[in-house]
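Asks: Quick note on numbering: the sequence shown equals residues 90 to 299 in the numbering used here. The C-beta atom is built at its ideal place from N, Cα and C for all residues, glycine as well. Values in this document were obtained by computation on a predicted structure and should not be read as measured data.
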Amino acid sequence: MNPSKEQVKLLKIALKATSSELQEIRVSRSTQALSVTYAMRKTNELGADNKVAVFGLLTNNMREMLQESSMGWSVSKKKREVFHTRSRFIIAHDAQSSLVAFSMFRFEKEDQCVVLYCYELQVEEAMRGLGIGRSLLTQLESIGLAYGMDKIMLTVLKANQKSVKFYKSAGFRLDSSDPSRFGDCRQDYEILCKWLPRPTASSLTRLEVA
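#1: What residue range is occupied by the uninterrupted alpha helix (DSSP H) comprising threonine 227?
#2: Could you tell me which of Phe172, Asp277, Glu110 sits nearest to serine 158, measuring between CA atoms?
#3: Using the Cβ count rule (16 or more neighbours within 10 Å means buried), how would you classify cysteine 274?
#4: What are the boundary residues of the alpha helix (DSSP H) that arginine 169 is part of?
#5: Buried or exposed, going by whether 16 or more other CB atoms sit within 10 Å of the CB of alanine 122?
#6: Just the Cα atoms here: how many angstroms apart are glutamate 279 and leucine 210?
#7: Along the chain, where does the beta strand (DSSP E) that runs through methionine 90 open and close?
#8: Quick check on DSSP: helix, strand or coil for serine 265?
#9: Can you name, in chain order, every residue of its own chain whose Cβ lies under 6 Å from the Cβ of histidine 252, other than the five neighbours on each side?
#10: Given that a residue counts as buried once 16 or more other Cβ atoms are within 10 Å of its Cβ, and exposed if not, what is lysine 283?
#11: Looking at C-alpha atoms only, which residue of Pro268, Thr126, Val141 is the closest neighbour of glycine 220?
#12: Could you give the DSSP three-state label for serine 152: helix, strand or coil?
#13: Using a 10 Å radius around the Cβ and a threshold of 16 neighbouring Cβ atoms, would you call lysine 94 buried or exposed?
#14: Assuming leucine 205 contacts methionine 238 (C-beta within less than 8 Å), just tell me the rounded distance between them.
#15: Have a look at glycine 260 and phenylalanine 191 and give me their C-alpha separation to the nearest angstrom.
#16: Mind checking whether asparagine 91 and glutamine 201 have CB atoms under 8 Å apart?
#17: Pull up the distance between the alpha-carbon of tryptophan 162 and that of asparagine 249, whole angstroms please.
#18: Got a sec, what are the start and stop residues for the beta strand (DSSP E) valine 189 sits in?
#19: Tell me the rounded alpha-carbon separation between methionine 242 and arginine 217.
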């Protein structure tokens with residue numbers, strides 16, 4: 090089955106949304122005693138310094154784990170994925186303007202659903218446990234809800250147990266597309282999702298008018 094005409098329309102609206110429009114929707118907050126600022130960017134709005142910082146953080150966090158997984162690690166392939174033209178970023182900087190976390194996501198179709206797919210959510214090791222990751226997830230949910238997405242989806246390595254626990258504590262569960270749903274438990278990753286409330290008539294009208 091394909092998404093309905095209404096869902097396809099919502100996806101088209103989301104794909105056309107500017108960073109400033111998403112910036113107005115997402116929830117920005119300080120975390121504990123930290124002063125962390127969040128900004129929304131498309132790939133072509135990141136700038137060279139942020140691109141280097143984003144890929145550096147991703148490399149530090151995930152290279153070894155991916156090298157040992159079925160997904161593997163290829164710098165060129167990963168850069169193409171992360172800096173795809175449809176990629177959106179929430180980047181988090183500390184008081185010294187250093188990048189301490191980011192999330193990369195896209196608006197996509199998955200089977201009969203329209204989804205916000207979170208490809209990356211990375212937090213600098215020294216900044217973990219301070220609520221930054223949870224704040225990024227909250228912002229993704231706010232964006233997905235505002236644009237009428239059916240759910241948030243992500244893929245996580247089973248070996249990354251801290252992340253698995255983090256996502257499941259935030260309400261994520263196995264998606265219907267996860268290999269285990271088809272009797273294949275050999276894969277070293279899980280596909281998780283969190284369903285979002287259906288948009289109200291007033292919110293749909295707001296999107297159409299915008």
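Replies: Result, derived from the coordinates:
#1: Residue numbering aside, residue 227 sits at position 138 when the sequence shown is read from its first letter. Annotation for threonine 227: the continuous alpha helix (DSSP H) segment containing it runs 221-235.
#2: The residue given as residue 158 occupies position 69 in the sequence shown. The shortest Cα separation from serine 158 among Phe172, Asp277, Glu110 belongs to Asp277.
#3: As a position in the sequence shown, residue 274 is number 185, starting the count at 1. Counting the other CB atoms within 10 Å of its CB gives cysteine 274 a total below 16, which places it among the exposed residues.
#4: Taking the first residue of the sequence shown as 1, we reach residue 169 at position 80. Run containing arginine 169: 164-171, per the alpha helix (DSSP H) assignment.
#5: Residue numbering aside, residue 122 sits at position 33 when the sequence shown is read from its first letter. Bear in mind that the predicted position of alanine 122 carries a pLDDT of just 49, short of 50, making it too unreliable to give a figure here.
#6: Here the question's residue 279 lines up with position 190 in the sequence shown. Here the question's residue 210 lines up with position 121 in the sequence shown. Here the alpha carbons of leucine 210 and glutamate 279 stand approximately 15 Å from one another.
#7: By 1-based counting over the sequence shown, the position of residue 90 is 1. No beta strand (DSSP E) holds methionine 90; DSSP gives it neither H nor E.
#8: Within the sequence shown, the letter at position 176 stands for residue 265. If DSSP states are grouped into helix, strand and coil, serine 265 belongs with coil.
#9: For the purposes of this step, residue 252 is identified with residue 163 of the sequence shown, where counting begins at 1. In the sequence on display, residue 252 carries serine and not histidine. Excluding residues within five positions, the ones whose Cβ falls inside 6 Å are Val245.
#10: For the purposes of this step, residue 283 is taken as residue 194 along the sequence shown, with counting starting at 1. Looking at its Cβ environment, which holds 16 or more other Cβ atoms inside 10 Å, lysine 283 is buried.
#11: Within the sequence shown, numbered from 1, the residue matching residue 220 stands at position 131. Closest option to glycine 220, Cα to Cα, is Thr126.
#12: Taking the first residue of the sequence shown as position 1, residue 152 is located at position 63. The sequence given here has arginine at residue 152, not serine. Residue state, collapsed to three classes: helix.
#13: For the purposes of this step, residue 94 is identified with residue 5 of the sequence shown, where counting begins at 1. Answer is exposed; the Cβ neighbour count stays below 16.
#14: Locating residue 205 in the sequence shown gives position 116, where the first residue counts as 1. Locating residue 238 in the sequence shown gives position 149, where the first residue counts as 1. 5 Å between Cβ atoms; contact.
#15: For the purposes of this step, residue 260 is taken as residue 171 along the sequence shown, with counting starting at 1. For the purposes of this step, residue 191 is taken as residue 102 along the sequence shown, with counting starting at 1. So the alpha carbons of these two residues sit roughly 20 Å apart.
#16: The residue given as residue 91 occupies position 2 in the sequence shown. The residue given as residue 201 occupies position 112 in the sequence shown. Their beta carbons are under 8 Å apart, which means asparagine 91 touches glutamine 201 by this criterion.
#17: Taking the sequence shown and counting its residues from 1, the one referred to as residue 162 is at position 73. Taking the sequence shown and counting its residues from 1, the one referred to as residue 249 is at position 160. Cα to Cα, tryptophan 162 sits roughly 15 Å from asparagine 249.
#18: Position 100 of the sequence shown holds residue 189. Residues 188-199.
#19: Here residue 242 refers to the residue found at position 153 of the sequence shown. Here residue 217 refers to the residue found at position 128 of the sequence shown. When rounded, the distance between both Cα atoms is 22 Å.
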